[in-house]
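S.K.: In this note's numbering, the protein residues as written are 516 to 1002. The C-beta atom is built at its ideal place from N, Cα and C for all residues, glycine as well. Keep in mind that this is a model prediction, so the values were computed, not measured.
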């Protein structure tokens, strides 16, 4: 493992993180905020650290080469921390948070596009802090797309090789060229979707500032809002509809959307088994929740029930976390279904979290094949994903992922209850972090926040956000003694 290569990557990511802090600094200047140093100090300090790393003799003697496998794991995990820490320091210096645990939690929640918050009165915050929360979503979202399409498949993480070169249209077998090429292609669709939604939200009556924030949060499936009551504060069916549409699109593979819309090959979306399953699951969940809300007299009309059900279902399955209603007050059947959607998540190659629809698809097909083998032991039942056959190694990787996923979920829920949370709140808090959701149920429900969580719990949930966002294997492999052995 070449330390010089990892340090060079980290120094560049630190420079990116520092540069990002100058954007909220500009917002603070525009809005006439008195205190600017809490943005300037972390930015300058981070630049100094990055330049100090680049000045190390080992970096001056080396040159940037393609990442090796183990270097990739270290660089991805440490790189995410490098993005998170400068913003956490800025939050700390702002004085708007109770302690550093809250600052780190909020920053990690932003860059992992989780959207869970410890803040109780968002509308009283300085505009620059409100902006940075959503801007961190947008930066993190683009990083997630590139990782899921260009980096994690090369590292063989939990079946991620299912959605590598074919979906992105990149044929190079070198990791560095893949990252650069993928970023250029996907930046087009990512920025384009953000801009289109921004215009549509402006037409719905949002201010430019709030339209920017909600476009950032939607495209990144993040969920931070400028209002205490989230999207529900606008009380607009039009705004609900626009955000619902773009949340749904953002839950699909951006690489497939690039091929479909920019490459003028729309049938790629229709032919994708994952997109079809994603659409079927979403439609079925909306129908069930709508019926349940009407049946239990939560809403008086079908149109009302459909409006709130469709928004909340899409918000949860895409792991965005925006809210137009306090779904924690909905009937148990609807709440349970929303929890199940949390665990499924969106499509691979999107900004959505969760275990991903494609993994569920493969596991269901694998279970069906096993049932057939019970009847006819010698039968060979290949698992097809579109025109491709899923290899045995990929299936094993996915099954291993689910084992680690459930272990992390149950362990996280257990520790949160030990730290004083009730069972429902503790379990859904862990699920929210691991799946990048935002709100859970109980004391961390849609109308509440994470302010009452123990500081140790905030660090644990922050680790859960990182673990889930980097597909579990990427982080846990660093704790394996075998990983650090030479050879």
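1. Round the Cβ separation of residue 742 and residue 831 to the nearest angstrom and send it over; I've been treating them as touching at under 8 Å.
2. For residue 563, count neighbouring Cβ atoms within 10 angstroms of its own Cβ and tell me buried if that reaches 16, exposed if not.
3. According to DSSP, is residue 811 part of a helix, a strand, or is it coil?
4. Less than 8 Å between the beta carbons of residue 749 and residue 652, yes or no?
5. For residue 615, which residues in the same chain have their Cβ closer than 8 Å to its Cβ, ignoring the five residues on either side in sequence?
6. For residue 607, report the span of its alpha helix (DSSP H) as first-last.
7. For residue 552 and residue 650, what's the separation of their Cα atoms in angstroms?
8. Pull up the DSSP beta-bridge partners for residue 713, would you.
9. Which whole-angstrom value is the C-beta distance of residue 634 and residue 950, which I expect to be below 8 Å?
10. Hey, how far is the Cα of residue 590 from the Cα of residue 528?
11. Whole angstroms are fine: how far does the CA of residue 997 sit from the CA of residue 943?
12. Report the three-state DSSP secondary structure of residue 904 (helix, strand or coil).
13. Output needed for residue 854: all residues of its chain with C-beta closer than 8 Å, excluding positions within five of it in sequence on either side, in chain order.
14. From 801, 835, 833, pick the residue whose C-alpha is nearest to that of residue 823; which is it?
15. Report the rounded CA-to-CA distance for residue 517 versus residue 787, giving the unit in angstroms.
16. Should residue 735 and residue 655 be called a contact, given that it needs their Cβ atoms to be closer than 8 Å?
17. When the distance is taken between beta carbons, is residue 605 closer than 8 Å to residue 747?
18. Which residues does DSSP pair with residue 899 in a beta bridge?
19. Just verifying my parser: in three-state terms, what is the DSSP assignment at residue 871?
20. Where does residue 781 fall in DSSP's three states?
21. Could you check which residue in 782, 770, 1001, 971 has the C-alpha nearest to that of residue 619?
22. Starting from residue 554, trace the alpha helix (DSSP H) in both directions and tell me its first and last residue.
23. May I have the straight-line CA-CA distance separating residue 698 from residue 807, to the nearest angstrom?
24. Whose C-beta lies closer than 6 Å to the C-beta of residue 707 among residues of the same chain, with five residues either side of it excluded?
25. Going by beta carbon distance, what residues of the same chain come within less than 6 Å of residue 843, once the five residues before and after it are set aside?
26. Checking 8 Å against the spacing of the C-beta atoms, do residue 936 and residue 629 come in under that value?
27. Check this for me: beta carbons of residue 809 and residue 799, under 8 Å apart or not?
28. Just how far apart, CA to CA, sit residue 768 and residue 705?
29. Compare the C-alpha of residue 660 against each of 765, 995, 828 and name the closest.
30. What's the call for residue 882, buried or exposed, on a 16-neighbour Cβ count within 10 Å?
31. Is residue 1000 helix, strand or coil when you go by DSSP?
32. May I ask you to report which of helix, strand or coil DSSP gives residue 632?
33. So, helix, strand or coil for residue 973, using DSSP?
34. Measure the alpha-carbon distance for residue 897 versus residue 791 and round it to whole angstroms.
35. Return the Cβ separation of residue 632 and residue 737 in integer angstroms, given the expectation that the two are a contact with Cβ distance under 8 Å.
36. Between which two residues does the alpha helix (DSSP H) containing residue 755 stretch?
M.R.: According to the structure data:
1. Numbered from its first residue, the chain shown carries residue 742 at position 227. Numbered from its first residue, the chain shown carries residue 831 at position 316. In this structure residue 742 does not touch residue 831 by the C-beta definition: roughly 19 Å separates them, more than the 8 Å allowed.
2. For this step, residue 563 is matched to residue 48 along the chain shown. By the 10 Å Cβ count, residue 563 comes out exposed.
3. Residue numbering aside, residue 811 sits at position 296 when the chain shown is read from its first letter. The answer is coil: DSSP assigns residue 811 none of H, G, I, E or B.
4. Taking the chain shown and counting its residues from 1, the one referred to as residue 749 is at position 234. Taking the chain shown and counting its residues from 1, the one referred to as residue 652 is at position 137. Contact: no.
5. Locating residue 615 in the chain shown gives position 100, counting from the first residue. 603, 607.
6. If you number the chain shown from 1, residue 607 lands on position 92. Counting along the chain, the alpha helix (DSSP H) containing residue 607 begins and ends at 584-609.
7. Numbered from its first residue, the chain shown carries residue 552 at position 37. Numbered from its first residue, the chain shown carries residue 650 at position 135. Rounded to the nearest angstrom, the two C-alpha atoms are 19 Å apart.
8. Position 198 of the chain shown holds residue 713. The partner list for residue 713 (beta bridge, DSSP) is empty, contrary to what the question assumes.
9. Translated into positions along the chain shown, residue 634 becomes position 119. Translated into positions along the chain shown, residue 950 becomes position 435. About 21 Å; that fails the 8 Å criterion.
10. Residue 590 sits at position 75 when you count from the first residue of the chain shown. Residue 528 sits at position 13 when you count from the first residue of the chain shown. Their Cα atoms are separated by approximately 10 Å.
11. As a working mapping, residue 943 is identified with position 428 in the chain shown. As a working mapping, residue 997 is identified with position 482 in the chain shown. Residue 943 and residue 997 have their C-alpha atoms roughly 33 Å apart.
12. Counting from 1 along the chain shown, the entry for residue 904 is found at position 389. In this structure, residue 904 counts as strand in the three-state DSSP scheme.
13. Position 339 of the chain shown, counting from 1, holds the residue named residue 854. The beta carbon of residue 854 sits closer than 8 Å to those of 943, 946, 956, all from its chain and outside the five residues before and after it, given in chain order.
14. Here residue 823 refers to the residue found at position 308 of the chain shown. Among 801, 835, 833, the Cα nearest to that of residue 823 belongs to 801.
15. To locate residue 517, count along the chain shown from 1; it is residue 2. To locate residue 787, count along the chain shown from 1; it is residue 272. Residue 517 and residue 787: Cα-Cα distance of roughly 39 Å.
16. As a working note, residue 735 is residue 220 in the chain shown. As a working note, residue 655 is residue 140 in the chain shown. In contact: residue 735 and residue 655 (Cβ atoms closer than 8 Å).
17. Taking the first residue of the chain shown as position 1, residue 747 is located at position 232. Taking the first residue of the chain shown as position 1, residue 605 is located at position 90. Result no, Cβ atoms of residue 747 and residue 605 do not sit closer than 8 Å.
18. Counting from 1 along the chain shown, the entry for residue 899 is found at position 384. In the DSSP output, where bridge partners are listed per residue, residue 899 has 904.
19. Residue mapping note: residue 871 aligns to position 356 of the chain shown, counting from 1. Of the three classes helix, strand and coil, the one that applies to residue 871 here is coil, per DSSP.
20. For the purposes of this step, residue 781 is taken as the residue at position 266 of the chain shown. The answer is coil: DSSP assigns residue 781 none of H, G, I, E or B.
21. Taking the chain shown and counting its residues from 1, one reaches residue 619 at position 104. Nearest C-alpha to residue 619: 971.
22. In the chain shown, the residue the question calls residue 554 occupies position 39. Per DSSP, residue 554 belongs to the alpha helix (DSSP H) from 552-569.
23. The residue given as residue 698 occupies position 183 in the chain shown. The residue given as residue 807 occupies position 292 in the chain shown. The straight-line gap from Cα to Cα measures roughly 42 Å.
24. Your numbering for residue 707 matches position 192 in the chain shown. Excluding five sequence positions before and after residue 707, none of the CB atoms of its chain fall closer than 6 Å to its own CB.
25. Here residue 843 refers to the residue found at position 328 of the chain shown. So the qualifying residues of the chain are 956, 960, 961.
26. Along the chain shown, read from residue 1 onward, the residue named residue 936 stands at position 421. Along the chain shown, read from residue 1 onward, the residue named residue 629 stands at position 114. Contact: no.
27. The count along the chain shown starts at 1 and reaches residue 809 at position 294. The count along the chain shown starts at 1 and reaches residue 799 at position 284. Taking 8 Å as the cut-off, the beta carbon of residue 809 is found no closer than this to the beta carbon of residue 799.
28. Counted from its first residue, the chain shown places residue 768 at position 253. Counted from its first residue, the chain shown places residue 705 at position 190. One C-alpha to the other measures close to 11 Å.
29. Sequence index remark: in the chain shown, residue 660 carries index 145 (1-based). Residue 660 has its Cα closest to that of 765, out of 765, 995, 828.
30. Position 367 of the chain shown, counted from the start, is the residue given in the question as residue 882. The residue in question, residue 882, is exposed, as its Cβ has fewer than 16 Cβ neighbours within 10 Å.
31. The residue given as residue 1000 occupies position 485 in the chain shown. Of the three classes helix, strand and coil, the one that applies to residue 1000 here is coil, per DSSP.
32. Here the question's residue 632 lines up with position 117 in the chain shown. Correct three-state label for residue 632: coil.
33. If you number the chain shown from 1, residue 973 lands on position 458. Residue 973 falls in the helix class under three-state DSSP.
34. Here residue 897 is taken as the residue at index 382 of the chain shown, counted from 1. Here residue 791 is taken as the residue at index 276 of the chain shown, counted from 1. The alpha-carbon atoms of residue 897 and residue 791 are separated by roughly 20 Å.
35. In the chain shown, the residue the question calls residue 632 occupies position 117. In the chain shown, the residue the question calls residue 737 occupies position 222. Contact annotation, residue 632 with residue 737: C-beta distance approximately 11 Å; criterion of less than 8 Å not satisfied.
36. Here residue 755 refers to the residue found at position 240 of the chain shown. If you look at residue 755, you'll find it in the alpha helix (DSSP H) that goes 752-765.
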